[in-house]
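>
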Amino acid sequence: MPPLPIPPFAETQQTLLLAEHQAEVSSSKLATTAASASPSTRRTLQATGYALTGLILSQCRTGMGGRVVGEFVADPATAAAGEKGEALLGTHGMRVGDVVRASEVGSGSSGGVKKGGKEKEKEGLKEKALEGVITRVVGEKSVWVAFGQRGGGGKAKEDDEVVEELWGKKVWLVKLANDVTYRRMNQTMEKMAKMTDSDHTHFMRVAFGHTTPLQPDYEAIGDIEFQDPSLNDSQKEAIRFALASRDIALIHGPPGTGKTHTLIELILQMVRRGQRVLVCGPSNISVDNIVERLAPKKVPVVRVGHPARLLPSVLDHSLEVLTHTSEAAAIVRDVRTEIDQKQASIRKTRAARERRAIYSDLKELRKEYRERESKCVDNLVRESSVVLATLHGAGGHQVKNQKFDVVIIDEASQALEAQCWIPLLGASRVVLAGDHLQLPPTVKSAPKPSETKGDTTDGDIQTKLPNVSLETTLFDRLLKIHGASIKRMLTTQYRMHERIMRFPSDELYEGKLMAAESVQSRLLKDLPYDVEETDDTKEPVVFWDTQGGDFPEKPEDDGIQKKGNLLGESKSNEMEALIVARHVENLIQAGVRPEDVAVITPYNGQLAVLSKMLRDKFPGLELGSVDGFQGREKEAVVVSLVRSNGDKEVGFLAEKRRLNVAMTRPKRHLCLCGDSETISQGSSFLKHWMAFLEEHSDLRYPDAGELL
Numbered sequence: 001m002p003p004l005p006i007p008p009f010a011e012t013q014q015t016l017l018l019a020e021h022q023a024e025v026s027s028s029k030l031a032t033t034a035a036s037a038s039p040s041t042r043r044t045l046q047a048t049g050y051a052l053t054g055l056i057l058s059q060c061r062t063g064m065g066g067r068v069v070g071e072f073v074a075d076p077a078t079a080a081a082g083e084k085g086e087a088l089l090g091t092h093g094m095r096v097g098d099v100v101r102a103s104e105v106g107s108g109s110s111g112g113v114k115k116g117g118k119e120k121e122k123e124g125l126k127e128k129a130l131e132g133v134i135t136r137v138v139g140e141k142s143v144w145v146a147f148g149q150r151g152g153g154g155k156a157k158e159d160d161e162v163v164e165e166l167w168g169k170k171v172w173l174v175k176l177a178n179d180v181t182y183r184r185m186n187q188t189m190e191k192m193a194k195m196t197d198s199d200h201t202h203f204m205r206v207a208f209g210h211t212t213p214l215q216p217d218y219e220a221i222g223d224i225e226f227q228d229p230s231l232n233d234s235q236k237e238a239i240r241f242a243l244a245s246r247d248i249a250l251i252h253g254p255p256g257t258g259k260t261h262t263l264i265e266l267i268l269q270m271v272r273r274g275q276r277v278l279v280c281g282p283s284n285i286s287v288d289n290i291v292e293r294l295a296p297k298k299v300p301v302v303r304v305g306h307p308a309r310l311l312p313s314v315l316d317h318s319l320e321v322l323t324h325t326s327e328a329a330a331i332v333r334d335v336r337t338e339i340d341q342k343q344a345s346i347r348k349t350r351a352a353r354e355r356r357a358i359y360s361d362l363k364e365l366r367k368e369y370r371e372r373e374s375k376c377v378d379n380l381v382r383e384s385s386v387v388l389a390t391l392h393g394a395g396g397h398q399v400k401n402q403k404f405d406v407v408i409i410d411e412a413s414q415a416l417e418a419q420c421w422i423p424l425l426g427a428s429r430v431v432l433a434g435d436h437l438q439l440p441p442t443v444k445s446a447p448k449p450s451e452t453k454g455d456t457t458d459g460d461i462q463t464k465l466p467n468v469s470l471e472t473t474l475f476d477r478l479l480k481i482h483g484a485s486i487k488r489m490l491t492t493q494y495r496m497h498e499r500i501m502r503f504p505s506d507e508l509y510e511g512k513l514m515a516a517e518s519v520q521s522r523l524l525k526d527l528p529y530d531v532e533e534t535d536d537t538k539e540p541v542v543f544w545d546t547q548g549g550d551f552p553e554k555p556e557d558d559g560i561q562k563k564g565n566l567l568g569e570s571k572s573n574e575m576e577a578l579i580v581a582r583h584v585e586n587l588i589q590a591g592v593r594p595e596d597v598a599v600i601t602p603y604n605g606q607l608a609v610l611s612k613m614l615r616d617k618f619p620g621l622e623l624g625s626v627d628g629f630q631g632r633e634k635e636a637v638v639v640s641l642v643r644s645n646g647d648k649e650v651g652f653l654a655e656k657r658r659l660n661v662a663m664t665r666p667k668r669h670l671c672l673c674g675d676s677e678t679i680s681q682g683s684s685f686l687k688h689w690m691a692f693l694e695e696h697s698d699l700r701y702p703d704a705g706e707l708l
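Using the UniProt record's numbering, the letters of the sequence shown map in sequence onto residues 1 to 708.
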């Protein structure tokens, strides 16, 4: 693969990112809701989980960065009352971490606005609208919002002044599209595009194929005393390689091979050698999983990120909590107390002049608070051996000016390349961990499978480098440029029965995967609770082959897909869903707990059909899309493949990485339902898969008459 010119690459990424951002916004009603929506619109938005109406501001306090945090409760004048007589918000879809706008409900929005006054009213509403992040949801009782989360430079008024104007008013909250990640990716690509050759680090030149990676220096690392005695040989070799690497190391972790386990040992070894490590991932959960496992090892760690989006188990290591509980916290505590006292005094003051004086004092206090807190945060981060953040969180001011010896990115094969460059622009040593043979990040602006016809570009978008695509990750690209010499693969998997593992290993992982002795022959009948031995519970792989035309998929314009177009052009297959439902019932009747079973499918249309059949009957059963189940596992997984048609079209099933995810989720039992005649025509991979199932699964042929 020839070297890529860096500035045109960055400019191409900017073009593609803009198209992706526009696709995301246009597919969502979150960013387009007007502040002056009518009462009926607000009620509709609440019913669909996008808004919360009928609120009043209950109290305020000071949060991190001197931000105003307000509690919103139901207006007792209009809300329904709970058992104890308290006003309730009602059912809503607001969740911690959602970006929201708080607006005063304008009297004119329901009609009766004088001619010429509507524009004035809209301007007034906009000025009184505030954007923030939900930090806490107390059931149907209250919602807490931290304001001033999205930049907001050049405002006419400080946030606390606008919040004060909401006192005694009727307020509503509406969710907004979160564009922070897009802005940080775009800023990073903009910066990369402006860099000259002399600005490029050695790692950047390696990453774009302008030079080759340096040879690993095994002598420099000496003998390694591994802290975890359970590590297998492939994990130890991956750690040795990453420690000896002088610029880039890829750790390839197929499903169930203990990738995170390996990274924990690697981080501990780096800290032991006096290195500072920045650990990133594309999602909060990917980062929090590492914090959870690293915290008991007594290594100084700091988790950077909005506390509203972190797992409760890692909060003690978050900057928010540490700035309150560490020794350095005393320098901000007294200012916070003074701010809260001043804030409380505003509502006791009627005179406009006195109120303005208090606002002026508050402005100065907040400035002092931010300065003190910034020093406190800087000290906490600088003194930590390991700093953890999401990829876009690494672009925040807390991390930006810090120096690290190594940057580790987990789940790198699920992150957009532009996202990875946020922490990597100045990096000298990088470790990427992931599995490029599972699904890449979802790209909404990319063409659909039926439209691609082998083209790797992002549709008709005009770019400087037509072969650059958002779906190609940095992990992918580095492998294509430098080959297997920069990669070490983990080869022992601790999840799947040997027969479940066999096909993906042979077809995708060069036959190198081995099942650990503890999992290679375990079945549902061996679960640590009472499960009857049946034809299902003693089989690791079952294939219900619906060939013959009695189980046809539904055309796109039929039935459930047409309803409000909510599911787009999704497919469904009701007859196949009946097989899935029967199989699930048999497993649960044999004693398998519903919470140990998952039903997954590549199509949202089929998911809707299956949910209708199974959700109420088995509340503990998990139903989901294949894409949404990546990174997950269950004792038993039932997969509905859906496609069955005379044209032998397979759509989503043509993506082998999607099928790899589907077939590697179960521990003890994999059941597949599909039409081998249709599926085997889709690709050589699918043909091999159908042949494997015919020979190595418990092959069954359903009778349509018995299901109806």
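Each residue gets a CB set at the ideal place from its N, CA and C atoms; glycine is no exception.
W172 and V105 - do their beta-carbons sit closer together than 8 Å?
Yes; because the gap between Cβ atoms is below 8 Å, this pair is in contact.
> So, for R632: in the same chain, excluding its five sequence neighbours on each side, which residues have a beta-carbon less than 7 Å away from its beta-carbon?
Only R665 meet the Cβ criterion.
> What distance in whole Å lies between the Cβ atoms of G620 and P594, which are believed to be in contact at a cut-off of 8 Å?
So it is a contact: roughly 4 Å between Cβ atoms.
> Can you give me the Cβ contacts of G153 inside the same chain, cut-off strictly under 6 Å, excluding the 5 residues immediately before and after it?
Interpretation of G153 is limited by its pLDDT of 39, a score under 50 that renders its predicted location unreliable; the figure taken from the coordinates is listed afterwards. The answer is none, since no qualifying residue turns up.
> Please check the pair F685 and K656, which I expect to be a contact at CB under 8 Å, by giving their CB distance rounded to whole angstroms.
Sure, about 5 Å apart at Cβ, within 8 Å.
> Tell me, which residues are paired with I339 by DSSP?
I339 pairs with nothing; no bridge assigned.
> Under a three-way DSSP split, which group does E20 fall into?
E20 falls in the helix class under three-state DSSP.
> Compare the beta carbon distance of G651 and R658 with 8 Å and say whether it is the shorter of the two.
Not closer than 8 Å, so no.
> Would you kindly check if the distance between the Cβ of L231 and the Cβ of D410 is under 8 Å?
For D410 and L231, no; Cβs fall outside 8 Å.
> Within its chain, find whatever has a CB closer than 6 Å to the CB of L432; leave out the 5 residues flanking it on each side and keep chain order.
So the list reads L250, I409, A412 and F475, once near-sequence residues are dropped.
> Do M496 and G256 have their CB atoms nearer than 8 Å?
Result yes, Cβ atoms of M496 and G256 sit closer than 8 Å.
> Specify the secondary structure class of A74 as computed by DSSP and reduced to three states.
If DSSP states are grouped into helix, strand and coil, A74 belongs with the strands.
> Rounded to whole angstroms, what's the CA-CA distance from V174 to Y182? Just pull it up for me.
Distance between the alpha carbons of V174 and Y182: 20 Å.
> Give the DSSP-derived three-state secondary structure of L699 in the structure shown.
Strand, per DSSP.
> Under a Cβ-count criterion, where at least 16 other Cβ atoms within 10 Å of its own Cβ denotes burial, should V138 be classed as buried or exposed?
Label assigned to V138: exposed.
> Is D596 near A654, with beta carbons less than 8 Å apart?
No, Cβ-Cβ distance for D596 and A654 is not below 8 Å.
> Restricting to Cα atoms, I'd like to know which of L88, S26, G63 and L45 is closest to I56.
Here the closest residue by C-alpha is L88.
> For a test of the three-state rule: what should DSSP assign to Q269, helix, strand or coil?
Helix, per DSSP.
> Please report the distance separating the alpha-carbon of A244 from that of D217.
Cα-Cα distance, rounded: 5 Å.
> Tell me which residue opens and which closes the beta strand (DSSP E) that H392 is part of.
Premise fails: H392 is in no beta strand (DSSP E) and is neither H nor E.
> Would a C-beta distance cut-off of 8 Å place V488 and A207 closer than the cut-off?
Residue 488 is actually Arg in this sequence, not Val. Contact flag unset, no.
> With a threshold of 8 Å, are at least 3 pairs of Cβ atoms found where one atom belongs to the stretch 197-204 and the other to the stretch 11-24?
Touching, no, given that fewer than three Cβ pairs across the two stretches are closer than 8 Å.
> Using only CA atoms, which one of E86, P254 and L699 lies nearest to V661?
It is P254.
> Give me, in chain order, the residues of the same chain whose beta-carbon lies closer than 8 Å to that of E292; leave out the 5 immediate sequence neighbours on both sides.
Same-chain partners within the cutoff: L311, S313 and V314.
> Just curious, the beta strand (DSSP E) that S142 is in, first and last residue?
Its beta strand (DSSP E) spans residues S142 to F147.
> Looking only at C-alpha atoms, which of G605, E219, G674 and T463 sits nearest to T546?
Residue G674 is the option with its Cα nearest to T546.
> Grab the span of the alpha helix (DSSP H) containing K375 for me, first residue to last.
Element bounds for K375: A352 to R382.
> Pop quiz: V99 and E140 are said to be a contact at Cβ under 8 Å. What is the actual Cβ separation, rounded to whole angstroms?
21 Å between Cβ atoms; not a contact.
> So E417 and R370 are in contact, right, with Cβ under 8 Å, and what is the actual spacing, rounded?
Not really, about 33 Å apart at Cβ, beyond 8 Å.
> Is the stretch 270-286 touching the stretch 525-544 in the sense that three or more CB pairs, one from each, lie closer than 8 Å?
With the cut-off at 8 Å, the stretch 525-544 and the stretch 270-286 do not touch.
> Would you check if the distance between the CB atom of L623 and the CB atom of L641 is smaller than 8 Å?
No. Outside cutoff.
> Check H202 in the structure and name its three-state DSSP category.
H202 falls in the helix class under three-state DSSP.
> Put M94 into one of helix, strand or coil per three-state DSSP.
Three-state result, M94: coil.
> Whole angstroms is fine: what's the gap from residue 709's alpha carbon to S234's?
No answer is possible for residue 709: it lies beyond the span of the chain, which begins at 1 and ends at 708.
> Cβ of G85 within 8 Å of Cβ of G49?
Result no, Cβ atoms of G85 and G49 do not sit closer than 8 Å.
> How far does the alpha helix (DSSP H) with I239 in it extend, from its first residue to its last?
Per DSSP, I239 belongs to the alpha helix (DSSP H) from D233 to A244.
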